[in-house]
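**Student:** Numbering of the sequence shown is given in numbering that gives the first Met the number 0, commencing with residue 0 and proceeding in unit increments.
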Amino acid sequence: MVAQDAHAHAGPQGFIRKYVFSLDHKVIGLQYYFLALVAVFVGMFLSLLMRIHMIWPTAMLPLVGEIKPETYLQLLTMHGTIMVFFVLTTAPQSGFGNYFLPIQIGAPDMAFPVLNMLSFWTTFVAFVVMLAAFFVTGGAPLHGWTGYAPLSALTNSGPGEQLGADLWITSIAIFCIASLMGALNFITTILDLRAKGMTMMRMPLTCWAWFITAILGLLAFGVLLSAGILLLLDRNLGTSFYVPLVVVNGQVMGHKGGSPLLWQHLFWFFGHPEVYIAILPGMGVASQLLSTFARKPIFGYKAMVYALMSIGVLGFVVWGHHMFMSGMSPYSAFAFSIMTMAIGVPSAIKTFNWLGTLYKAKIRFQTPMLYAIGFVSLFVSGGLSGPFLAQPVLDIPLHDTAFVVGHFHLIMGVAAIFGMFAGTYYWFPKMFGRMMNESLGRIHFVITLIGTYSIFMPMHYLGMAGQPRRYSQFTELAYLQHLMPLNRFITYAAIVTIAAQFIFVINLFWSMFKGPKASDNPWEATTLEWTTATPPPHDNFGGHTPVVYHGPYEYSVPGAAKDYVMQTDPAGVTAH
Ligand code: HEM
Ligand SMILES: [Cu+2]
C-alpha cells in the first residue's frame with residue numbers, strides 16, 4: 000500500500016533522481032538493458048580477437064598486440080564471464096523483467112523500489128571491478144569462466160592470477176549480492192502485487208519465467224557467493240578449502256587438506272541453474288510472441304507452466320554432468336546422466352507446444368516474431384547435442400573439445416541473445432514510444448541467424464575431429480591442419496555476424512529519436528502493458544489500478560468482436 004500511495008504522486012523531478020538513482024522500475028530496467036548492451040559489445044570484441052588469433056596467430060591486434068597463449072586464456076576468461084553474467088543474466092531477467100513484470104501484473108512498481116535501485120548500482124560496481132582486472136599488473140585471470148581450483152586458488156599460478164583474479168572473484172561476489180537482492184524483489188512483487196483478477200494462472204508466461212528464474216537465482220547465487228568468499232580466503236588468508244598439498248615450481252605451497260573438487264561441486268551447483276537463469280526468460284518471451292504473432296492462444300498454457308517448474312527443479316540435480324571428467328564414481332555419473340536426460344522431457348514439451356501454437360496459424364512475420372522463431376530453432380539445434388553430452392561415455396571424449404563450445408553457444412549463448420532481440424523489437428515501441436525500422440530488423444535477423452549457425456554448427460564437427468577447447472594455437476599441430484579451412488570459415492562468419500550487430504545498434508538509436516510514432520498497442524496484443532499509454536506514465540496506469548478478467552492469450556476467440564481479447568476487457572466477451 001505504501002508503494003502504491005507514493006506512486007500516485009507525480010514522478011521525481013531532478014535529473015539524478017529521475018535517470019541516475021531512479022526508483023522507477025522502468026528506468027532501472029533500461030539501465031540494466033544498456034549495461035548489458037555495453038557488456039555484449041565488450042564480450043564480442045574479445046571473441047573477435049580470439050577468433051582472429053586462431054587463424055592468424057602472429058597478427059598484431061589492436062589493444063593486445065600479438066596474442067600469447069596466456070593472453071588467449073585471459074580473453075577467454077573475460078569473454079565467457081562478461082557474456083554469462085553481465086549479458087545473459089542481466090538483460091533478459093533484470094532488464095526486461097524489471098521493466099515489464101510490474102506492468103504485466105498490473106502493479107505500480109516493484110515491491111521494494113530502493114532495493115531495486117541498489118541492485119542495479121551494485122551490478123554496475125561489479126562490472127567496473129570486472130573490467131578493472133584488465134588494467135592491473137599481470138592483467139585478467141586465466142582460469143576460465145569456471146574458475147577451477149587449484150589454478151584459481153593460488154596467487155602464483157600464472158600472470159593473471161594475482162590481483163586480476165582477486166578482482167574477478169570480488170566482482171562475481173558483488174554480482175551475486177546484487178542478483179540476490181533482485182531475486183527477492185521479483186519474487187515478492189509477483190506474490191504480493193498482482194492486480195485484482197490477475198491470478199497466478201492468468202499471468203503471461205513471461206511473468207512465470209521471470210518468477211521461476213528469480214527462485215533459481217535465490218538458490219544458486221547464494222552458493223556461488225559462499226564459494227567465492229572461500230576462494231578469496233584460500234588465496235589471501237592461507238586457508239585450504241580448495242587446495243590439497245601442492246608443489247609449484249619446486250616450492251611446497253602453504254596449503255594442505257583441501258579439495259579442488261569441492262570448488263567444482265559448488266561452482267556447478269550454481270553453474271547449471273545459471274544456464275536456465277539465462278534461457279528461461281527467453282522461453283517466456285518466445286511463448287509470448289509466438290502466441291501474439293500467430294494470433295492463437297499458446298498451445299498448452301498449463302503444460303508450459305509446469306514444464307518451466309520442472310526444468311527449474313531438475314536444473315538443481317544435474318550439476319554433475321559437468322564433472323564426468325573429474326573421476327567421479329560411475330554410480331554418481333549414472334545418476335546425473337539419467338537426471339540430465341530427464342530434463343529433455345519438459346524441454347520437449349515446450350518445443351512441442353511452441354510448434355503446436357504455430358500449427359495452421361495465420362502468422363504475422365514481423366521482426367519480433369522472426370526472432371522468436373529463431374529462438375525456437377536455436378534451442379532445438381543446440382539442445383539436440385545435449386543428450387550426447389549427458390552420457391559419460393560420449394562426454395569424456397567430447398568434453399574438452401570444440402563440440403562443447405558449439406553446444407553451449409547455441410543453446411545458451413545465442414538462443415538467449417535471440418530472446419533478447421525478440422524482446423527488444425517487441426517492446427521497443429512501448430519503451431520508447433516509436434517503432435523500430437522493419438527492413439533493418441529483417442536484414443539484421445537474416446545475417447545474424449545464418450551467421451551464428453555458421454559459427455557454431457561446424458564446431459561440433461571440429462570437436463569430433465579432435466580440436467581441443469581453451470587452446471590458443473592450432474596452426475602448428477599437424478593433425479589439425481585439415482581443419483584450418485573450416486576454422487577460417489568460422490572466423491569470417493564471426494566477423495560478418497559481429498559487423499551486422501551495428502545494424503541493430505543503428506536501428507535502436509535512430510528509431511529512438513526518429514522512428515515513426517507508435518500507438519498504444521501496435522502488435523494488437525492482449526497483456527496489460529498494451530492497455531496503458533506509450534511510453535507508460537510514472538505510476539504505469541495513470542492513477543487507476545487495472546482489473547483483470549481474462550487469461551493472457553485470448554486470440555481468435557470465437558464470438559469475440561476483434562481477433563483478440565485484452566486481459567482487461569470486461570468479462571463476458573468470452574466464456575472465461
Ligand atoms: C559473436 C559471437 C561469439 C563468438 C564468435 C564467440 C567465440 C568464442 C570463442 C572463440 C571461445 C573460446 C573457445 C575455446 O577456446 O575454448 C568462446 C568461449 C566462451 N563463450 Fe563465446 N562467442 C560468442 C558469443 C558468446 C555468447 C553470446 C556467450 C554467452 C553465453 C558466450 C559465452 C562463452 C563462454 C561461457 C565461453 C567459455 C569460456 C571458458 O571456457 O571459460 N559466447 N566463445
Ligand atoms: Cu549443465
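Glycine included, C-beta positions come from ideal geometry on N, C-alpha and C.
1) Considering THR291, what are the terminal residues of the alpha helix (DSSP H) in which it resides?
2) Verify whether the separation of the beta carbon atoms of LEU507 and GLN566 is less than 8 Å.
3) Once DSSP output is grouped into helix, strand and coil, what is the label at HIS6?
4) Looking at ALA389 and MET340, is the spacing between their C-beta atoms short of 8 Å?
5) Only counting the same chain, and skipping five residues up and downstream in sequence, which positions put a Cβ closer than 6 Å to that of ARG50?
6) Rounded to a whole number of angstroms, what is the C-alpha to C-alpha distance between GLY450 and PHE420?
7) Near ILE173, which residues of its chain fall below 7 Å by C-beta distance, leaving aside the five closest residues on each side in sequence?
8) According to DSSP, VAL546 sits in a beta bridge with which residue or residues?
9) Classify LEU244: buried if its beta carbon has 16 or more other beta carbons within 10 angstroms, exposed otherwise.
10) Taking all protein chains shown into account, do 16 or more other C-beta atoms lie within 10 angstroms of the C-beta of ALA139, making it buried, or fewer, making it exposed?
11) Relative to the C-alpha of THR76, which candidate in PHE387, ARG193, PHE133 has its C-alpha closest?
12) Note down the Cα distance separating LYS67 from HIS321, rounded to an integer number of angstroms.
13) Considering only the alpha carbon of each residue, which of LEU354, ALA498, GLY405, ASN436 lies closest to MET463?
14) Taking the C-alpha atoms as reference points, what is the distance between HIS549 and LYS359?
15) Determine the extent of the alpha helix (DSSP H) in which TRP207 is found, giving its start and end residues.
16) Please classify GLY405: does DSSP put it in a helix, a strand, or coil?
17) Evaluate GLN3 with the Cβ neighbour count: other Cβ atoms within 10 Å of its Cβ, from every protein chain shown; 16 or more gives buried, anything less gives exposed.
18) Tell me whether PRO396 sits in a helix, a strand or coil according to DSSP, three-state version.
19) In the stretch 44-89, which residue ranges form an unbroken alpha helix (DSSP H) of at least 4 residues, counting only runs that do not cross its ends?
20) If you compare alpha carbons, which of TYR452, MET327, PRO280 is closest to LEU307?
21) Give every residue of the same chain whose Cβ lies closer than 8 Å to the Cβ of HIS271, excluding the five residues on either side of it in the sequence, and list them in chain order.
22) Among TYR147, VAL344, GLN287, GLY249, which has the Cα closest to the Cα of LEU260?
23) Helix, strand or coil, according to DSSP, for LYS516 in the structure here?
24) According to the neighbour-count rule (16 or more other Cβ atoms, all chains shown, within 10 Å of its Cβ), is ILE505 buried or exposed?
25) Going by C-alpha distance, which of ILE395, GLY381, PHE540, ALA524 is nearest HIS459?
26) Got a sec? Which residues, its chain only, sit under 7 Å from ILE395 by beta carbon, not counting five neighbours each side?
27) Verify whether the separation of the beta carbon atoms of ALA177 and SER118 is less than 8 Å.
28) How would you write the range of the alpha helix (DSSP H) that TYR460 sits in, first residue to last?
29) Considering only the alpha carbon of each residue, which of MET82, LYS255, PRO56 lies closest to PHE40?
30) Taking the alpha carbon of TYR241 as the reference point, which residue from VAL247, PHE540, HIS254 has its own alpha carbon closest?
31) Compare the Cα-Cα distances from ILE54 to each of GLY343, ASN115, LEU479, VAL392 and report the closest residue.
32) Going by beta carbon distance, what residues of the same chain come within less than 8 Å of ALA477, once the five residues before and after it are set aside?
33) Give me the Cβ distance between SER21 and MET109, rounded to the nearest whole Å; I'm assuming they're in contact under 8 Å.
34) Opposite TYR563 in the DSSP bridges: which residues?
35) Using CA atoms only, rank isn't needed, just tell me which of MET338, GLY42, PHE84, ILE416 is closest to PHE220.
36) Can you give the Cα-Cα distance for LYS561 and PRO521, rounded to whole angstroms?
**Tutor:** Let me spell this out:
1) Along the sequence shown, one-based indexing puts residue 291 at 292. Per DSSP, THR291 belongs to the alpha helix (DSSP H) from 259-293.
2) Start at 1 with the first residue of the sequence shown, and residue 507 comes out as number 508. Start at 1 with the first residue of the sequence shown, and residue 566 comes out as number 567. No. Outside cutoff.
3) Counting from one through the sequence shown, the residue named residue 6 turns up at place 7. Note that HIS6 has pLDDT 46, beneath the 50 cutoff, so the model's placement of it is unreliable and the number below is only indicative. For HIS6, the three-state secondary structure derived from DSSP is helix.
4) The sequence position of residue 340 within the sequence shown is 341, counting from 1. The sequence position of residue 389 within the sequence shown is 390, counting from 1. Closer than 8 Å, so yes.
5) Taking the sequence shown and counting its residues from 1, the one referred to as residue 50 is at position 51. Cβ neighbours of ARG50 beyond the five flanking positions: THR490, ALA493.
6) Your numbering for residue 450 matches position 451 in the sequence shown. Your numbering for residue 420 matches position 421 in the sequence shown. Roughly 15 Å between the two C-alpha positions.
7) Residue mapping note: residue 173 aligns to position 174 of the sequence shown, counting from 1. Hits under 7 Å: THR121, VAL124, ALA125, VAL128.
8) Taking the first residue of the sequence shown as position 1, residue 546 is located at position 547. Partner(s): LYS195.
9) As a working note, residue 244 is residue 245 in the sequence shown. Counting Cβ neighbours within 10 Å, LEU244 comes out exposed, since fewer than 16 surround it.
10) By 1-based counting over the sequence shown, the position of residue 139 is 140. With 16 or more other Cβ atoms within 10 Å, it is buried.
11) In the sequence shown, the residue the question calls residue 76 occupies position 77. Measuring from the Cα of THR76, the nearest candidate turns out to be PHE133.
12) Here residue 67 is taken as the residue at index 68 of the sequence shown, counted from 1. Here residue 321 is taken as the residue at index 322 of the sequence shown, counted from 1. Taking the straight line joining both Cα atoms gives about 28 Å.
13) As a working mapping, residue 463 is identified with position 464 in the sequence shown. Answer by Cα proximity: GLY405.
14) Counted from its first residue, the sequence shown places residue 549 at position 550. Counted from its first residue, the sequence shown places residue 359 at position 360. Their Cα atoms are separated by approximately 24 Å.
15) Residue 207 sits at position 208 when you count from the first residue of the sequence shown. Segment 204-235, the alpha helix (DSSP H) holding TRP207.
16) Position 406 of the sequence shown, counted from the start, is the residue given in the question as residue 405. Three-state DSSP puts GLY405 in a helix.
17) Residue numbering aside, residue 3 sits at position 4 when the sequence shown is read from its first letter. With a pLDDT of only 44 at GLN3, under the threshold of 50, the placement of this residue in the model should not be trusted, and no figure is reported.
18) Locating residue 396 in the sequence shown gives position 397, where the first residue counts as 1. DSSP places PRO396 in helix when its eight states are reduced to three.
19) 68-80
20) As a first step, residue 307 is located in the sequence shown; it is residue number 308 there, counting from the start. When only C-alpha atoms are compared, the closest one is PRO280.
21) As a working note, residue 271 is residue 272 in the sequence shown. GLY314, PHE315, VAL317, TRP318, HIS320, HIS321, listed in sequence order.
22) By 1-based counting over the sequence shown, the position of residue 260 is 261. Measuring from the Cα of LEU260, the nearest candidate turns out to be TYR147.
23) Here residue 516 corresponds to residue number 517 of the sequence shown, with the count starting at 1. DSSP places LYS516 within a strand segment (E or B) once states are collapsed to three.
24) As a position in the sequence shown, residue 505 is number 506, starting the count at 1. Exposed, by the Cβ-count rule.
25) One-based indexing of the sequence shown puts residue 459 at position 460. Comparing Cα positions, the closest option is GLY381.
26) For the purposes of this step, residue 395 is identified with residue 396 of the sequence shown, where counting begins at 1. Cβ within range, chain order: PHE323, MET324.
27) Here residue 177 refers to the residue found at position 178 of the sequence shown. Here residue 118 refers to the residue found at position 119 of the sequence shown. Result yes, Cβ atoms of ALA177 and SER118 sit closer than 8 Å.
28) Walking along the sequence shown from the start, residue 460 turns up at place 461. That run of the alpha helix (DSSP H) goes 437-463.
29) Mapped onto the sequence shown, residue 40 falls at position 41. Residue MET82 holds the alpha-carbon nearest to the alpha-carbon of PHE40 among MET82, LYS255, PRO56.
30) Position 242 of the sequence shown holds residue 241. Considering only alpha carbons, the answer is HIS254.
31) Here residue 54 is taken as the residue at index 55 of the sequence shown, counted from 1. Closest option to ILE54, Cα to Cα, is LEU479.
32) By 1-based counting over the sequence shown, the position of residue 477 is 478. Cβ neighbours of ALA477 beyond the five flanking positions: none.
33) The sequence position of residue 21 within the sequence shown is 22, counting from 1. The sequence position of residue 109 within the sequence shown is 110, counting from 1. 12 Å between Cβ atoms; not a contact.
34) The residue given as residue 563 occupies position 564 in the sequence shown. According to DSSP, TYR563 bridges with TYR554.
35) For the purposes of this step, residue 220 is taken as residue 221 along the sequence shown, with counting starting at 1. Nearest option by C-alpha distance: PHE84.
36) For the purposes of this step, residue 561 is taken as residue 562 along the sequence shown, with counting starting at 1. For the purposes of this step, residue 521 is taken as residue 522 along the sequence shown, with counting starting at 1. Taking the straight line from one Cα to the other gives about 15 Å.
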